[in-house]
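The structure appears right after this line, and notes come after that.
Protein chains: 2
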Amino acid sequence: MSSTTSRRGFVKSAALAGLGLSILPSGIVFSKNKDRKARLGFIGVGLRGQHHLQLALQRDDVEVLAICDVQQRMIDMSKDLIKKSGKRMPLVIMEGPYGYRRLLENKDIDAVIISTPWKWHAEMCIDSMNAKKYVGCEVMVGTTVEECWQVVHAAERTGMPLMMLENVCYRRDVMAVLNMVRQNLFGEIVHVQGGYQHDLREVKFNDGKQPYGGGVEFGEGAFSEAQWRTQHSVHRDGDLYPTHGIGPVAMMIDINRGNRFTELVSYSSKARGLHDFIVKRGGENHPNAKVKFKLGDVVTTMLKCANGETALLQHDTNLPRPYSLGFRVQGTEGLWMDINNGIYLEGKSKKPHEWDNAQEWLDKYDHPLWKKYGNDASGAGHGGMDWFVMHAFVEAVKRKIPTPQDVYDAVTWSVITPLSESSIHLGGETVEFPDFTQGKWMHRKNEFALNDDY
Amino acid sequence: MSSTTSRRGFVKSAALAGLGLSILPSGIVFSKNKDRKARLGFIGVGLRGQHHLQLALQRDDVEVLAICDVQQRMIDMSKDLIKKSGKRMPLVIMEGPYGYRRLLENKDIDAVIISTPWKWHAEMCIDSMNAKKYVGCEVMVGTTVEECWQVVHAAERTGMPLMMLENVCYRRDVMAVLNMVRQNLFGEIVHVQGGYQHDLREVKFNDGKQPYGGGVEFGEGAFSEAQWRTQHSVHRDGDLYPTHGIGPVAMMIDINRGNRFTELVSYSSKARGLHDFIVKRGGENHPNAKVKFKLGDVVTTMLKCANGETALLQHDTNLPRPYSLGFRVQGTEGLWMDINNGIYLEGKSKKPHEWDNAQEWLDKYDHPLWKKYGNDASGAGHGGMDWFVMHAFVEAVKRKIPTPQDVYDAVTWSVITPLSESSIHLGGETVEFPDFTQGKWMHRKNEFALNDDY
């Protein structure tokens, strides 16, 4: 080996070590070119997919090459969006549930955005990686432990990056708190909380025409998510939607990057809310009043971490309640909670033993990404965070670099659902948390949102 | 049996059945006389005991017949209080740790108030019941499962009522919410939360002169609670102080009265706060900086109930944080949380999916006891609730009736500590919750604070 080669090899390794990329996506060729466009295909253009589609159409650095879906109504709505955008009409595929495979045959497509019912995610992710596409997948990427492993194996085998589009990691307050955590404002983190506490009754039931409410139908007689999501509440008892709650706090305690979840236990309350809703809105003689829902109204999950932190997650989607993700980030110097918009920092808060209004701190520690892109994001969905998650994915695709949330994050956050089901099924037993990184967590570095780039 | 006797027997049973007294204190003679005085003895007149003593001295319906303690400083402070009150100086006993047994020999004493270190509670409760005294005991009544059973057996054997002085059951907002629960405002209760989240670092450490802070001593070199309470943080990992969090919500879901806790699991975070505090305030060379504290900074516990509710408890006393008991009471129609002072009731709150300021609801449903006695209580400790717990105990003693919180409540709330220790010790195993009522929970009725009497 010539000294030049050696030197080049050293520079490359050192640079990568600096990035903490202890594993590298091997399927992509690295590029410094930020100017080329990301050429996307959309698998699933239901309401959520259309939302992503719209964000993509607004960007100058994205070309939409293909869309596919199984329903004419969704295809028509998407075509309208594309027409209104003035962009070129892409290839439109409606060839049944496996029509997406034809989309994957298109060699010009760099990346796919998957927004389909949960049960399709793993298979579609794996097929897409096999076709050498970057994958941006809606939460979650697998519904069983086995599926999560299959996704990991596919990512490792193909070397293709997979990013679960966990938008809450980009919520403005969450990113400010991440910034504060990194600047050690909370001291050593000891305990975190999150959850999904959202009255979904009008998402789980509708009249078959409108997406939200208006009736108590689900399954075939319903529209949009109620067509498929509600079945999970009939058949499964567990934390069915953990990723919005766990993703943001997992990033703060370096999960899969020097830390990992080691075990988990869940308890589930009685199930009353969905049946009550059907009876209230549809009457006790409505056929759906006979359905037995397995999902407890409030599912609580505790997790433990290799570095000694505890995490608490709550899932609460069947009862009347205001929306709250219930975040709490607590360390040796103080804590943040979102429910009361409070921050307390010892020696820094205005008064001892009293909450400061969190907003002052959140403004002061506004994340560089939000400072730079806050205006672009405003108007995008979910308070702007959808813009950021799309931005991060597109930047990774354009530059051919790893995505800031990777396959290990995706499966770690997703697997909480089947693990919580097991724990509940076993009567509240603590179950082991799989190490999807297979030891790599000990060496990986946390690179999520380190600067104002993506 | 003559028909008269039979009739009288029937009337008595029916009346008692109406009261739901499926077990009756057999050691006391029932009385309708509300006018006689309650004659009290005080076992332990440290700072907490003195607080109770003061409340007792303020009442016209109480005579203090004896006090005892093991420390001259506490005796002197108590004598000052008594002198200032203008009441007669009681018998004063300072004869070592078992001096209280001489107090119990006094036949004129109806009832004792026990405010001593935790490890003494069970033994003192049992001795007091054996001496035919009503027992009002500070939280908690036993530190092991076995001790809790011994307390139950003593109560059942002697027929003497025991009330753990769980004051938070009488907090004004808690009682208003209890009132709302009973009027079905929240619908069927599905999930409850509570806890003890209180920065106790200046309780656990002081300078040996003042009760709170000023130094990092504990044990023999410290004063007041730091003399003994801190040892529990050295040697035990569990929810060390569950009763303020669980008592109020247990009453709302009829625990031991048609419902019971069936199982429990606890996770404990790493322990950092107490060591950090010693180093911050005393320097890293202070001898106490070498102490290894076993108590995790945040201990989280989940419980399940026979009727399908879940409960969540948090214990968080080692870190800088504002005080919060973290209550949440959630049913099929809505929920209350204290951290954000919010109530949401479907179809009744001002706006869908938005919190009402809880205060409007709490005012509207102010409990009859607070309406009647709020003025008397104002100025008493802990926002008035200490007045109510003393009032309830004294009324029961005067009338020779069962106490509104009984021995089963006391042990059920106390036993969470040793159960959570077991669960953590076993690596997060769900452990069985003992049924201290031995089946009586199925028939007992909830009579706590049903009206404006006591």
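Here the protein sequences come in this chain order: A and B. Start counting the first sequence at 1; every next residue gets the next number (my numbering). Start counting the second sequence at 455; every next residue gets the next number (my numbering). Think of the CB as a built atom: it goes at the ideal place given N, C-alpha and C, for glycine as much as any other residue.
Coil, strand or helix - residue i by DSSP
i: tryptophan 790 of chain B; result: strand
i: aspartate 515 of chain B; result: coil
i: asparagine 829 of chain B; result: helix
i: glutamate 105 of chain A; result: helix
i: asparagine 256 of chain A; result: coil
i: aspartate 316 of chain A; result: strand
i: glycine 238 of chain A; result: coil
i: histidine 191 of chain A; result: strand
i: asparagine 742 of chain B; result: helix
i: leucine 303 of chain A; result: strand
i: asparagine 184 of chain A; result: coil
i: glycine 331 of chain A; result: strand
i: asparagine 206 of chain A; result: strand
i: aspartate 452 of chain A; result: coil
i: alanine 418 of chain B; result: Past the boundaries of the shown model lies residue 418 of chain B; chain B is included only from 455 to 908, so the question cannot be answered.
i: methionine 163 of chain A; result: strand
i: glycine 675 of chain B; result: helix
i: valine 141 of chain A; result: coil
i: threonine 884 of chain B; result: coil
i: glycine 495 of chain B; result: strand
Endpoints, the beta strand (DSSP E) within which residue i is located
i: isoleucine 568 of chain B; result: 565-568
i: arginine 490 of chain B; result: First-last for arginine 490 of chain B: undefined, no H or E at that position.
i: threonine 417 of chain A; result: Counting along the chain, threonine 417 of chain A falls outside any beta strand (DSSP E), though it belongs to the alpha helix (DSSP H) covering 416-425.
i: glycine 213 of chain A; result: Neither: glycine 213 of chain A is in no beta strand (DSSP E) and is coded neither H nor E.
i: serine 268 of chain A; result: 261-268
i: glycine 485 of chain A; result: The structure shown does not extend to residue 485 of chain A, since chain A is modelled only from 1 through 454, so no value can be given for it.
i: glycine 590 of chain B; result: 588-591
i: leucine 728 of chain B; result: That residue, leucine 728 of chain B, is in no beta strand (DSSP E); its alpha helix (DSSP H) goes 727-736.
Residue of the options minimising C-alpha distance to residue i
i: valine 135 of chain A; options: A:Val415, A:Trp441, A:Gly383, A:Glu395; result: A:Glu395
i: cysteine 759 of chain B; options: B:Leu773, B:Ile709, B:Val745, B:Ser803; result: B:Ile709
i: glutamine 72 of chain A; options: A:Met94, A:Pro90, A:Lys107, A:Arg59; result: A:Met94
i: threonine 412 of chain A; options: A:Asp173, A:Ile82, A:Val92, A:Pro248; result: A:Pro248
i: lysine 133 of chain A; options: A:Ala410, A:Ile416, A:Lys400; result: A:Lys400
i: proline 322 of chain A; options: A:Ile278, A:Ile339, A:Val329, A:Asp60; result: A:Ile339
i: alanine 226 of chain A; options: A:Met140, A:His235, A:Asp237, A:Tyr212; result: A:Tyr212
i: glycine 331 of chain A; options: B:Ala676, B:Ile563, B:Tyr721, B:Leu773; result: B:Leu773
i: arginine 236 of chain A; options: A:Val299, A:His443, A:Gly439, A:Thr116; result: A:Val299
i: methionine 129 of chain A; options: A:Ala155, A:Ser115, A:Phe223, A:Ile253; result: A:Ala155
i: leucine 200 of chain A; options: A:Leu295, A:Tyr98, A:Ser85; result: A:Leu295
i: leucine 185 of chain A; options: A:His443, A:Val329, A:Phe218, A:Leu303; result: A:Val329
i: valine 745 of chain B; options: B:Met756, B:Ile732, B:Leu757; result: B:Ile732
i: leucine 450 of chain A; options: A:Val397, A:Gly383, A:Trp370; result: A:Trp370
i: glutamate 202 of chain A; options: A:Met302, A:Arg157, A:Ser224, A:Glu346; result: A:Ser224
i: leucine 728 of chain B; options: B:Ala704, B:Val670, B:His897; result: B:Val670
i: alanine 271 of chain A; options: B:Val644, B:Arg625, B:Glu674, B:Asp820; result: B:Val644
Residues that residue i bridges to, as DSSP identifies them
i: asparagine 811 of chain B; result: B:Gly796
i: leucine 91 of chain A; result: A:Ala66
i: tyrosine 650 of chain B; result: B:His769
heavy atom of the ligand GDP below 7 angstroms from residue i C-beta
i: threonine 716 of chain B; result: Because no ligand of any kind appears in the structure shown, any question about the ligand GDP cannot be addressed here.
Residue span of the alpha helix (DSSP H) that contains residue i, given as start and end
i: cysteine 579 of chain B; result: 572-584
i: glutamine 150 of chain A; result: 145-158
i: methionine 528 of chain B; result: 526-539
i: methionine 839 of chain B; result: 839-853
Test: residue i CB closer than 8 angstroms to a CB of chain D
i: proline 888 of chain B; result: Going by chain labels, chain D is absent from the structure shown, which instead holds the protein chains A and B.
Item to check | Segment contact flag, the segment 552-567 of chain B with the segment 518-532 of chain B, C-beta cutoff 8 angstroms, min 3 pairs | outcome: By the Cβ criterion, the segment 552-567 of chain B is in contact with the segment 518-532 of chain B, since at least three pairs of Cβ atoms, one from each stretch, lie closer than 8 angstroms.
Item to check | Three or more C-beta pairs below 8 angstroms linking the segment 883-898 of chain B and the segment 714-725 of chain B | outcome: In short, these stretches touch, since the Cβ pair count reaches three.
Item to check | Cβ contact check for the segment 500-508 of chain B and the segment 578-588 of chain B: 3 or more pairs under 8 angstroms | outcome: With the cut-off at 8 angstroms, the segment 500-508 of chain B and the segment 578-588 of chain B do not touch.
Checklist entry - Below 8 angstroms, can you find three or more Cβ-Cβ pairs linking the segment 279-286 of chain A to the segment 237-255 of chain A? => result Touching, no.
Checklist entry - On the three-pair Cβ rule with 8 angstroms, is the segment 152-166 of chain A touching the segment 405-422 of chain A? => result Output reads yes: the segment 405-422 of chain A touches the segment 152-166 of chain A.
Checklist entry - For the segment 829-836 of chain B against the segment 654-673 of chain B, are there 3 or more C-beta pairs whose distance is under 8 angstroms? => result A contact between stretches requires three or more CB pairs, one per stretch, nearer than 8 angstroms, and the segment 829-836 of chain B fails this requirement with the segment 654-673 of chain B.
Checklist entry - Does the segment 681-693 of chain B touch the segment 789-807 of chain B, meaning 3 or more C-beta pairs lie closer than 8 angstroms? => result No, the segment 789-807 of chain B is not in contact with the segment 681-693 of chain B.
Next on the checklist: Across the segment 640-652 of chain B and the segment 761-774 of chain B, are there enough close Cβ pairs to call them in contact, namely three or more that are closer than 8 angstroms?
Outcome noted: Yes, since at least three Cβ pairs between the segment 640-652 of chain B and the segment 761-774 of chain B fall closer than 8 angstroms, the two stretches touch.
Checklist entry - Counting Cβ pairs, one atom from each stretch, are 3 or more of them under 8 angstroms apart for the segment 621-634 of chain B and the segment 815-824 of chain B? => result At 8 angstroms Cβ cutoff, the stretches touch.
Checklist entry - Can we say the segment 633-643 of chain B touches the segment 596-608 of chain B, given the rule of at least three CB pairs closer than 8 angstroms? => result The segment 633-643 of chain B vs the segment 596-608 of chain B: no contact.
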